[in-house]
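Letter 217 of the sequence shown, counting from 1, is numbered 204 in the working numbering, and no numbers are missing.
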Amino acid sequence: MSSAHFQSTDKQSVRTLWISDVHLGTRDCKAEHLASFLKRYRADTLYLVGDIIDGWRLRSGIYWPQAHTNVIRRLLTMSKRGTTVIYVTGNHDEFLRRYSALILGNIHLVDEAEHVTADGRRLLVVHGDQFDVVTRCHRWLAFLGDSAYGVTLVLNRWLNHWRERWGYGYWSLSAFLKYKVKTAVNFIGDFEEAIAHECQRRGFNGVVCGHIHHAEIRRLGEVEYFNCGDWVESCTALIEHWDGSIELYRLAEKQALLVRQGAELASVVETAA
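Now the structure itself:
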């Protein structure tokens, strides 16, 4: 057990955190939310499950506000304070794959990793683009799809700007389309089946991945499937507690809970008055 477990108690202590698809360097990255999330936890191990830096977008122009630098600083601070940071490369940060197996202090750069949970389950940790036929076999189509996704996110940004002004909560247009468009649903299903098959072939109990921006915990046959989601639209992460249980964190659910608690507190105060 690392020294991260024995520091001050102002943060929630957990065994492992997984985040993926942050896409630093893009306008739709929710860097402020991610930095706030990381500040609340003290973890022995933090897995960055690919597409943390968006090299594809940075090729066409530099966009790097202070909030994105703050995320990098937070990761370095966690590493300095004892958290082992394992950076698993993805397709958008594939420029780092030439440096796989690099170790810088507590930071490890790898293409995939094996994680053993507190209760003994062996999990393959991989970004997942290797199991995406479009990314692997039709690179030009992957770039085209990324551009179309970018347009959807721009529409998403404006839509939520007006929803916020009118007092409504965050709603993801792109996530809605993933659930409603048949080809997108089929793509997610094919991806999950392919990655589960590989895990079973290699003797793993489960897999932790990202890539498709669709956070989920489910069982696929004999394989446990954990997808981190993303920090572009859904703001999700996976958390392993000290007993080995793994929780799916959703920012929207936490915000909704805080709103309900605030409303209940206001009601109590008003009644007391």
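Cβ coordinates follow ideal geometry from the N, Cα and C atoms, glycine included.
Three-state class that DSSP yields for residue i in the structure shown
i, result
"Gly231", "coil"
"Tyr34", "strand"
"Phe24", "helix"
"Cys196", "strand"
"Ser47", "helix"
"Val9", "coil"
"Leu205", "One point to set straight first is that residue 205 is Arg, not Leu, in the sequence displayed. Of the three classes helix, strand and coil, the one that applies to Arg205 here is strand, per DSSP."
"Glu211", "strand"
"Arg152", "helix"
"Ile182", "helix"
"Ile39", "coil"
"Asp177", "helix"
"Gln242", "helix"
"Lys(-2)", "coil"
Euclidean distance between Cα positions of residue i and residue j
i, j, result
"Trp187", "Ala181", "Correcting the residue type first, residue 187 is Gln in the shown sequence and not Trp. Straight-line Cα distance between these residues: approximately 10 angstroms."
"Ile6", "Ile199", "13 angstroms"
"Arg109", "Phe213", "13 angstroms"
"Ile226", "Ile233", "5 angstroms"
"Ser203", "Asp80", "Per the sequence shown, the amino acid found at residue 203 is Glu instead of Ser. Their backbone Cα atoms lie some 23 angstroms apart in a straight line."
"Leu111", "Asp(-3)", "31 angstroms"
"Glu220", "Asp15", "8 angstroms"
"Tyr268", "Tyr86", "The question about residue 268 has no answer, for the chain in this structure spans -12 to 260."
"Gly216", "Cys196", "8 angstroms"
"Thr104", "Gly231", "5 angstroms"
"His102", "Ile49", "34 angstroms"
"Thr70", "Arg60", "14 angstroms"
"Ala18", "Ile175", "26 angstroms"
"Phe130", "Gly115", "In this prediction, Phe130 has a pLDDT of 41, which is less than 50 and means its spatial position is unreliable; nothing more can be read from the coordinates."
"Cys222", "Asp38", "14 angstroms"
"Ala30", "Lys67", "12 angstroms"
"Val113", "Glu185", "11 angstroms"
"Gly208", "Val75", "25 angstroms"
"Val36", "Arg206", "20 angstroms"
"Arg2", "Thr64", "17 angstroms"
Residues bridged to residue i (per DSSP)
i, result
"Arg85", "Partner(s): none; Arg85 has no beta bridge."
"Arg188", "In the DSSP output, where bridge partners are listed per residue, Arg188 has none listed."
"Thr64", "DSSP lists no partner for Thr64."
"Thr3", "Thr32 and Glu227"
"Arg237", "Thr223"
Inter-stretch contact (C-beta, 8 angstroms, three-pair minimum) for the segment 8 to 24 and the segment 39 to 56:
yes
Only counting runs of 3 or more residues, tell me where the beta strand (DSSP E) segments fall wholly within the segment 66 to 116, in order along the chain.
71 to 75, 94 to 97, 99 to 103 and 109 to 113
Would you call the segment 42 to 49 in contact with the segment 230 to 245, where contact means no fewer than 3 C-beta pairs closer than 8 angstroms?
no
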